[in-house]
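Please read the structure below before turning to the comments.
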Amino acid sequence: MRLDTVDKQLINHYQRNLPVCERPYQEMASNLGISEDEVISRLATLQSHQVLSRVGPVFEHSQAGASLLAAVAAPPEQMDMVAARINKAPGVNHNYAREHTYNLWFVMTAPDEDTLDERLDELEHHLKLPILRLPMVEGYHIDLGFDIDWDALP
Amino acid sequence: MSISTSKSEQAKLTEQDRELIMATQEGLPLVSDPWGELGRQLGMRAEDVLARFQQMQNSGVIRRVAAVPDHYKLGYRYNGMTVWDVSDSAISEMGQRVGDLPFVSHCYRRPRHLPYWSFNLFAMVHGTSREEVEDKARQIKDLLGDSCAGNTILYSSAILKKTGLRLRKQKDTP
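These protein sequence lines are chains P and Z, in that order. Taking the working numbering, the leading residue of the first sequence gets 1, the next gets one more, and so forth. Taking the working numbering, the leading residue of the second sequence gets 155, the next gets one more, and so forth.
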């Protein structure tokens, strides 16, 4: 879909923080100088075209349990099978193929640290491949999006 | 899946909080009165829904509330996980400076696993081309200077699974 100036403003202004107040869309509307109905219909359209993956809360995993980034080096010819096994394991919520010896990168979550370790041990045993465990030690910029350079986009 | 409160820094979640998380994890209702709409679903008053929601924001359970763009859909087809081997004495300061760059979307320190993995700083950058990602990586490299002993870029070739935090009712868990 083609985005117009107002769509881009909506994303620029609200990709980091949306007002959490009695009438959030009304507040956004008055900031943008459009009607509340228009804010709602634009958000719905952007969401239905998947330009916005969601309009809502982003939860902090560490507050709701444990999680870590993990990687495995799957033999290239077994990559699909290994990826499918990882996706089926309990607690996996992201899995990206990347161009590297460590070619599968996933996030494993669990209610607590002990369960997380158990899930990783079990998956490691099942895959017969060592899992590189990369918990966050320190966060310097945690998933707040970035400034979108609209002119550079196709 | 249950929510653990065993770690002292974790916020205590009430059953209502859990229901509210489940009702909003795929997004807020796009209606004029979203809290009233959620209240009808959950059997709560609109003002109580809003208050619990704000409480979870204050305690850090909710990291942010946002219109979350899908960068791939927007045209950022190249997602490069840039990884750096930064000296332990410099990493806290350098990590913060890399995280402050306007084009870095995530920046974390993670452990090394020698000899297999020597990179301890991860910075995610997005671009419309490999050249753009490489140009941004070069800016990070210039910033790190002598504190960095090695680096590489891991481009994503496929997204095999992507979902946000998902809570399920306890009884659904085998």
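We put the beta carbon where it would ideally sit given N, CA and C, even for glycine. These figures come from a predicted structure and were not determined experimentally.
Counterpart residues of residue i in DSSP-defined beta bridges
{"i": "Lys316 (chain Z)", "result": "P:His94"}
{"i": "Leu132 (chain P)", "result": "P:Ala71"}
{"i": "Pro188 (chain Z)", "result": "Per DSSP, none; premise fails for Pro188 (chain Z)."}
{"i": "Ile307 (chain Z)", "result": "Z:Thr236"}
{"i": "Pro57 (chain P)", "result": "Z:Val219"}
{"i": "Gly281 (chain Z)", "result": "Z:Tyr232"}
{"i": "Phe276 (chain Z)", "result": "Z:Val237, Z:Tyr262"}
{"i": "Ala66 (chain P)", "result": "P:Ala110"}
Helix, strand or coil at residue i according to DSSP, with G and I counted as helix
{"i": "Lys161 (chain Z)", "result": "For Lys161 (chain Z), the predicted structure reports a pLDDT of 39, less than 50, and the residue's modelled location is therefore unreliable. A value from the coordinates is still provided. If DSSP states are grouped into helix, strand and coil, Lys161 (chain Z) belongs with coil."}
{"i": "His267 (chain Z)", "result": "strand"}
{"i": "Phe257 (chain Z)", "result": "coil"}
{"i": "Phe207 (chain Z)", "result": "helix"}
{"i": "His126 (chain P)", "result": "helix"}
{"i": "Ala221 (chain Z)", "result": "strand"}
{"i": "Asp202 (chain Z)", "result": "helix"}
{"i": "Tyr140 (chain P)", "result": "strand"}
{"i": "Val20 (chain P)", "result": "coil"}
{"i": "His100 (chain P)", "result": "coil"}
{"i": "Thr5 (chain P)", "result": "helix"}
{"i": "Val107 (chain P)", "result": "strand"}
{"i": "Glu46 (chain P)", "result": "Note on identity: in this sequence residue 46 (chain P) is Leu, with Glu being the wrong assignment. Looking at Leu46 (chain P) - three-state DSSP - the assignment turns out to be helix."}
{"i": "Leu153 (chain P)", "result": "coil"}
{"i": "Leu52 (chain P)", "result": "strand"}
{"i": "Leu174 (chain Z)", "result": "helix"}
Cβ of residue i within 7 angstroms of any chain P Cβ
{"i": "Val240 (chain Z)", "result": "no"}
{"i": "Ser156 (chain Z)", "result": "With a pLDDT of only 33 at Ser156 (chain Z), under 50, the local geometry of the prediction cannot be trusted, and the value read off the model is given with reservation. Judged by the 7 angstroms Cβ criterion, Ser156 (chain Z) is in contact with chain P."}
{"i": "Pro328 (chain Z)", "result": "With a pLDDT of only 35 at Pro328 (chain Z), under 50, the local geometry of the prediction cannot be trusted, and the value read off the model is given with reservation. Not closer than 7 angstroms to any Cβ of chain P, the Cβ of Pro328 (chain Z) fails to qualify, so no."}
{"i": "Pro269 (chain Z)", "result": "no"}
{"i": "Thr178 (chain Z)", "result": "yes"}
{"i": "Tyr232 (chain Z)", "result": "no"}
{"i": "Val237 (chain Z)", "result": "no"}
{"i": "Ala312 (chain Z)", "result": "yes"}
Residue j beta carbon less than 7 angstroms from that of residue i
{"i": "Leu275 (chain Z)", "j": "Trp238 (chain Z)", "result": "yes"}
{"i": "Lys290 (chain Z)", "j": "Val279 (chain Z)", "result": "yes"}
{"i": "Leu69 (chain P)", "j": "Leu120 (chain P)", "result": "no"}
{"i": "Leu52 (chain P)", "j": "Ala221 (chain Z)", "result": "yes"}
{"i": "Thr282 (chain Z)", "j": "Gly234 (chain Z)", "result": "no"}
{"i": "Ala74 (chain P)", "j": "Asn95 (chain P)", "result": "no"}
{"i": "Gln250 (chain Z)", "j": "Tyr140 (chain P)", "result": "yes"}
{"i": "Asn87 (chain P)", "j": "Lys316 (chain Z)", "result": "no"}
{"i": "Ser272 (chain Z)", "j": "Arg263 (chain Z)", "result": "no"}
{"i": "Pro256 (chain Z)", "j": "Asp147 (chain P)", "result": "yes"}
{"i": "Ala66 (chain P)", "j": "Leu123 (chain P)", "result": "no"}
{"i": "Ser35 (chain P)", "j": "Ala44 (chain P)", "result": "no"}
{"i": "Gln170 (chain Z)", "j": "Val20 (chain P)", "result": "no"}
{"i": "Gln15 (chain P)", "j": "Gly145 (chain P)", "result": "yes"}
{"i": "Tyr232 (chain Z)", "j": "Arg284 (chain Z)", "result": "yes"}
{"i": "Arg108 (chain P)", "j": "His49 (chain P)", "result": "It should be noted that the sequence gives Met, not Arg, for residue 108 (chain P). Against a cut-off of 7 angstroms, the Cβ pair of His49 (chain P) and Met108 (chain P) comes out as no contact."}
Minimum Cβ-Cβ distance from residue i to chain Z less than 7 angstroms
{"i": "Pro75 (chain P)", "result": "no"}
{"i": "Ile34 (chain P)", "result": "no"}
{"i": "Arg54 (chain P)", "result": "yes"}
{"i": "His100 (chain P)", "result": "yes"}
{"i": "Asp117 (chain P)", "result": "no"}
{"i": "Asp7 (chain P)", "result": "no"}
{"i": "Ala70 (chain P)", "result": "no"}
{"i": "Ala44 (chain P)", "result": "yes"}
{"i": "Ala97 (chain P)", "result": "yes"}
{"i": "Asn31 (chain P)", "result": "no"}
* Is the region 211–228 of chain Z in contact with the region 46–58 of chain P, if contact means three or more CB pairs nearer than 8 angstroms? -> yes
Query raised in the report: Can we say the region 77–89 of chain P touches the region 127–138 of chain P, given the rule of at least three CB pairs closer than 8 angstroms?
Result: yes
| said: Does the region 191–202 of chain Z come into contact with the region 239–247 of chain Z, if we say contact requires no fewer than three beta-carbon pairs (one atom in each stretch) closer than 8 angstroms? | reply: no
*asked:* Under 8 angstroms, with one C-beta from each stretch per pair, do the region 169–176 of chain Z and the region 297–309 of chain Z reach the 3-pair mark?
replied: no
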